[in-house]
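Single-structure report; data block below.
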Amino acid sequence: MRATRRLVLGLAAAPFAARAQSDRYPDRPIRLVVPFAPGGPTDVMARVISSGLTAALGQPVVVENRGGGGGNIGAAHVARSAPDGYSLLVCSTGFVVNPSLFRNPGYDPVRDFAPVTELGASPNVILAGARSGIGSIAELIARAKTTAGGLDMANPGTGSTPHLTAELLRLRAGIEFVQITHASAALAVQAVLGGVTPVGVAALPAAQPHILSGALKALAITSAERWPDLPDVPTMQELGFGGFVSETFQALLAPAGTPAPVILRLARESLAALGDAGTAAKLRAAGFGIQARGPEALATRIAREVPMWRDLIRQAGIPQE
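In this text, residue positions in the sequence shown follow numbering that gives the first Met the number 0: the first is 0, and each later residue adds one.
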C-alpha cells in the first residue's frame, strides 16, 4: 500500500516537476549537434546561430560535430538523448533523405524528433575546376557524353541534395557520372579546386567564396531565380531544364518528448536570432537564404520532403545501403 501510494503521488507530481524544470530552462550549457564534419554549410549555420542563442538564453550554446554515416550518426545520437532541451540537432536536407537511402538510418524523422525551426536554405551549384576546360552546362554534357565510363563528379555525401542534383542532371540530360562521394561539402569543393575531379555539385555556402574569387566556375545554380550575389550564373531552368530546382535546408530539432514550453522558447529565440540584421547579413554573405519559420512549418516540410526524395531515389535507381 505504501509503495502504491508513493507511486501515485509521484505520478501526480510529475507534470509539476516537468513544468518547474521548463521554467528554469536553460540552467546549463546546450549542445548543437551537427552530424557532419566542420566547415560544411550545416556547420556554418550552427556556428552562426549559436552566438545569437547564447546571448538570448544566457547559457553557452556549443557546437558539437558528430559526423559519419551521411549524417545518421549525429541524428541518431540526438534521437537517443534526453528530451530536456540540452541536446539539439542542426540538420540538413539529408535528415529527410536518409530514411529512404538507408535500410536502418538509426532514427525516424517524425517519430523521434520534435521540430523547432527552419533556419535557412541554399541552392545547389554545379561547379567546374579552373583546369577542367568546362565553362558551361552544355560543355559539361558534351564532355560527359565523350568520357568513357562517365565523368567524375564530386559530391558532399551519398543522398545529399548535391548528390541527388547530379543524379537529376544525369537523368534529364541522358549522361553518366561517376559519383565521387566526400565526407563534407568543404572536401567536395576542395576536390574540384585541386583538380582531383573536373566537376562537382555543392550547396552554395561551401562554394561561394571560391566562385567569387574566380577559383571555381559556377556553371549553373538550382534556385528558382538567379542568386543576388552571383547575378551572372544562370539557373538550370533558364538553361532549358524546366522545374530543375533543388536546395539544401538547415533546421533545428529536439528529441521527441521535449516539453512544449522548451520547444517554444527555443523557437522564439532562434527566430529572433535569425531576424537580427547582423546575423542575416552574415548568413547572406555565406550563401544562405534565411527561412525563419517555426515548428509547424518545419513539420510540414518534413512531411512533404520525405516522400519527395524517396521518389527521386527510386527513379534514379540508387540502392539502399
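Even glycine gets a Cβ: it sits at the ideal position worked out from N, Cα and C.
According to DSSP, residue i sits in a beta bridge with which residue or residues?
i	result
Asp275	Answer is none; Asp275 lacks a bridge partner.
Phe112	Pro254
Thr180	Asn154
Arg225	Looking at the DSSP assignment, Arg225 forms no beta bridge with any residue, so it has no partner.
Lys216	Ala127
Gly119	Gln249 and Ile289
Val200	Ile125
Val32	Glu63 and Leu88
Let me know the secondary structure DSSP gives residue i once reduced to three states.
i	result
Asn97	helix
Leu170	helix
Met152	strand
Ile133	coil
Leu263	helix
Gly293	coil
Asn64	strand
Leu238	coil
Thr41	helix
Gln249	strand
Glu175	coil
Asn334	Any answer about residue 334 is impossible in this case: the structure gives the chain only from 0 up to 320.
Ser159	coil
Pro208	helix
Ordered along the chain, which non-local residues of its own chain (more than five positions away) have a Cβ less than 7 Å from that of residue i?
i	result
Arg23	none
Gly288	Gly119, Ala120 and Ser121
If we call anything under 8 Å between Cβ atoms a contact, is residue i one with residue j?
i	j	result
Val33	Val89	yes
Pro161	Asn123	yes
Leu126	Leu215	yes
Tyr85	Ile29	yes
Leu273	Gly293	no
Pro114	Ile312	no
With a CB to CB cut of under 8 Å and the five nearest residues on each side skipped, what residues in its chain are close to residue i?
i	result
Leu150	Leu139, Arg142, Ala143, Ile174, Glu175, Phe176, Val177, Pro197 and Val198
Gln314	Leu170
Ala321	The question about residue 321 has no answer here: the residues shown for the chain are numbered 0 through 320.
Gln58	Pro25, Asp26, Arg27, Pro28 and Ile29
Any idea if residue i is buried or exposed, counting beta-carbon neighbours within 10 angstroms, 16 or more meaning buried?
i	result
Pro108	buried
Gly235	Checking the sequence, you will find Met at residue 235 rather than Gly. So Met235 ends up on the buried side.
Pro254	buried
Gly256	exposed
Glu295	exposed
Glu117	buried
Leu6	For Leu6, the pLDDT reaches just 44, beneath the cut-off of 50, and the residue's location in the model is therefore unreliable, although a value from the coordinates is still provided. Classification for Leu6: exposed.
Gln319	exposed
Ala153	buried
What does a CB cutoff of less than 6 Å around residue i pick up in its chain, not counting 5 residues either side in sequence?
i	result
Ser131	Pro197
Ser159	Gly93
Val188	Ala201, Ala205 and Ala206
Closer than 8 Å, CB to CB, is residue i near chain D or not?
i	result
Pro254	The chain labelled as chain D is not found in the depicted structure, where only one protein chain is given.
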